[in-house]
Amino acid sequence: MLKITKKTEYALIAIRHIEDNNQLVSSKEIANKYSIPRELMAKTLQLMAKAGYLKAVKGPKGGYKSQVSLDKISLREFMESIEGPLALIDCHINDDCAQFDACSIKEPIKRINNNLLNFLDNISLVEITK
Numbered sequence: 070m071l072k073i074t075k076k077t078e079y080a081l082i083a084i085r086h087i088e089d090n091n092q093l094v095s096s097k098e099i100a101n102k103y104s105i106p107r108e109l110m111a112k113t114l115q116l117m118a119k120a121g122y123l124k125a126v127k128g129p130k131g132g133y134k135s136q137v138s139l140d141k142i143s144l145r146e147f148m149e150s151i152e153g154p155l156a157l158i159d160c161h162i163n164d165d166c167a168q169f170d171a172c173s174i175k176e177p178i179k180r181i182n183n184n185l186l187n188f189l190d191n192i193s194l195v196e197i198t199k
């Protein structure tokens, strides 16, 4: 089953919440509002800041704010910055499959994977945060 991971789901929730607020937003605020484990939200926001999507402001009144224009970021780019390379099956991102040379489904799966990646390339984050 194709599924967005919790990590990506929480990152999407966070970016939308931050976009909806024109002020600094804390990880605690987002975690409490959406019933997300606080530690996981803090790590997710740190990862998003490291990727350049958010600006982190330290201090007692600190928090996070958006640092990029979401219409310039594809859903694929965002997801890969959170999760790493996306693929339907591991052999399309790792070269260590013992059955790779004899595999009868690698080419059809590769086409499907490429179509999925192209689809995600054509969805901007602004479409998710509307």
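For the sequence shown, our numbering assigns the number 70 to the initial residue and increments by one for each residue that follows. The beta carbon of each residue, even a glycine, is placed where N, CA and C say it ideally should be.
Within the same chain, show all residues whose beta-carbon is closer than 7 Å to that of residue i, passing over the 5 residues directly before and after it, in chain order.
{"i": "Ile142", "result": "Ser193, Leu194"}
Could you pull out every residue in the same chain whose Cβ sits closer than 6 Å to the Cβ of residue i, ignoring the five residues on either side in sequence?
{"i": "Leu123", "result": "Met117, Tyr133, Gln136"}
Count the other C-beta atoms from every protein chain shown that fall within 10 angstroms of the C-beta of residue i, then say buried if there are 16 or more, exposed otherwise.
{"i": "Phe147", "result": "buried"}
{"i": "Thr77", "result": "buried"}
{"i": "Ile151", "result": "buried"}
{"i": "Ala167", "result": "exposed"}
Short of 8 Å in beta carbon distance, which residues of its chain neighbour residue i, apart from the five on each side in sequence? Order them along the chain.
{"i": "Met70", "result": "Legend: pLDDT at Met70 = 47, less than 50; position of this residue unreliable, value from coordinates given subsequently. Excluding positions up to five away in sequence, the list is empty."}
{"i": "Ile82", "result": "Ile99, Tyr103, Ile105"}
Starting from residue i, trace the alpha helix (DSSP H) in both directions and tell me its first and last residue.
{"i": "Tyr133", "result": "Careful: Tyr133 lies outside any alpha helix (DSSP H), inside the beta strand (DSSP E) at 132–135."}
{"i": "Gln92", "result": "Careful: Gln92 lies outside any alpha helix (DSSP H) and carries neither H nor E."}
Looking at the unbroken beta strand (DSSP E) that takes in residue i, where does it start and where does it end?
{"i": "Val126", "result": "123–126"}
Where DSSP assigns a beta bridge to residue i, which residues make up the other side?
{"i": "Ser143", "result": "Ser193"}
May I ask you to verify whether the stretch 90–99 touches the stretch 109–120, counting CB pairs closer than 8 Å and requiring at least 3? yes
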